[in-house]
Amino acid sequence: MEKAYKNLGYFFLLLIPLTFLGFYKTYFIQFPSFEENITSFIHLHAIIASIWILLLIVQPLLILNRNNKVHRKIGKLSYIVFPILILSFVPQMIRIINFDAPQFLFFPLADSVLLILFYSLAIYHRRKVSKHMRYIIGSATVFLGPTIGRIGPHIFEWSEIVTQNIQYGIIYLILIGLIFYDKRNKNNYRPYLLILTTWIIHLIIFNMIF
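Residue numbers for the sequence shown follow numbering that gives the first Met the number 0, so the first one is 0 and each next one is one higher.
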């Protein structure tokens, strides 16, 4: 792992409090007596997404501690976990089709597309560590949507439109910061350009729909 990214796993730890805050009022506060609308499919999605976040945290920490063999084995486990993660979005899409306005399909569908794109690129470049790592970071940015998207309305009482645009701003700042960071350290920043472009497209489509 590049020296500049040696503490990446610790930064990914921030996903834990963000996830807890984002889903506290709609999920965690109901434990262990969940409302009827919290189906087994939602529990499955929560479990698989939690496992994926755990993988995001553990994998760079294994590299930091030079446990490359374990890192590779867990990486192969992702070949099973990732398809289940994507499939776990399907019940949410079906529920939206049946009970909500169709434009809300944008969120699970866009999240799935971005995750598939970034993960596929990470696996394709798995032997090119610099590209692999950056596309994994790209996949981590996808989790900022569901978390910040709920923190805004539930904790700060922002409107959904304001929250969504704040989310874009945070993601853009992170990616632009990483681009300048890599340029300063003469590292490969091009994957971030692709990731940033996809998030700009995400913003354009969001504003076209909503």
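Quick reminder that beta carbons are idealized off the backbone N, C-alpha and C, glycines included.
What does the alpha-carbon distance come out to for the pair residue i and residue j?
i	j	result
Asn184	Val128	16 Å
Leu53	Ile15	9 Å
Ile178	Leu192	8 Å
Gly168	Thr140	12 Å
Ile165	Tyr9	24 Å
Ile208	His44	26 Å
Met92	Ala3	39 Å
Ile204	Ile73	35 Å
Asn66	Trp157	43 Å
Lys24	Pro82	28 Å
Answer yes or no: do residue i and residue j have a C-beta to C-beta separation smaller than 8 Å?
i	j	result
Ile50	Val80	yes
Ile194	Phe117	yes
Pro59	Phe11	yes
Trp198	Ile170	yes
Leu84	Ile47	yes
Leu114	Ser138	yes
Phe30	Pro90	no
Glu1	Asn186	yes
Excluding five sequence neighbours on each side, which residues of the same chain lie with their C-beta closer than 6 Å to the C-beta of residue i?
i	result
Ala121	His131, Tyr134, Ile135
Leu63	Lys5
Tyr188	Ile178, Asp181, Lys182
Arg125	His131
Around the C-beta of residue i, are 16 or more other C-beta atoms found within 10 angstroms, so that it is buried, or is it exposed?
i	result
Thr162	buried
Ser32	exposed
Pro190	buried
Arg149	buried
His201	buried
Ser111	buried
Phe88	buried
Leu61	buried
Leu7	buried
Within a Cβ cutoff of 8 Å, which residues of the same chain sit near residue i, ignoring the five residues on either side of it in sequence?
i	result
Ile95	Pro101, Phe103, Leu104, Pro107
His57	Before going on, a small fix: residue 57 reads as Val here, not His. Closer than 8 Å at Cβ, skipping near neighbours: Gly8, Ile73.
Could you tell me whether any Cβ in chain B is nearer than 8 Å to the Cβ of residue i?
i	result
Tyr9	Absent from the structure: chain B. Only one protein chain is present.
Please list, in chain order, all residues of the same chain as residue i whose beta carbon is under 7 Å from its beta carbon, the five residues on each side excluded.
i	result
Phe77	Just to set this straight, residue 77 is Ser in the shown sequence, not Phe. So the list reads Leu54, once near-sequence residues are dropped.
Glu159	Pro152
message: For the structure I just gave you, are there three or more beta carbon pairs, one from the stretch 132-149 and one from the stretch 101-118, closer than 8 Å?
response: Judged by pairs of C-beta atoms under 8 Å, the stretch 132-149 touches the stretch 101-118, as three or more such pairs exist.
message: Using a Cβ distance threshold of 8 Å, determine whether the stretch 16-24 contacts the stretch 149-165, with at least three qualifying pairs required.
response: The answer is yes - the stretch 149-165 touches the stretch 16-24, with three or more Cβ pairs under 8 Å.
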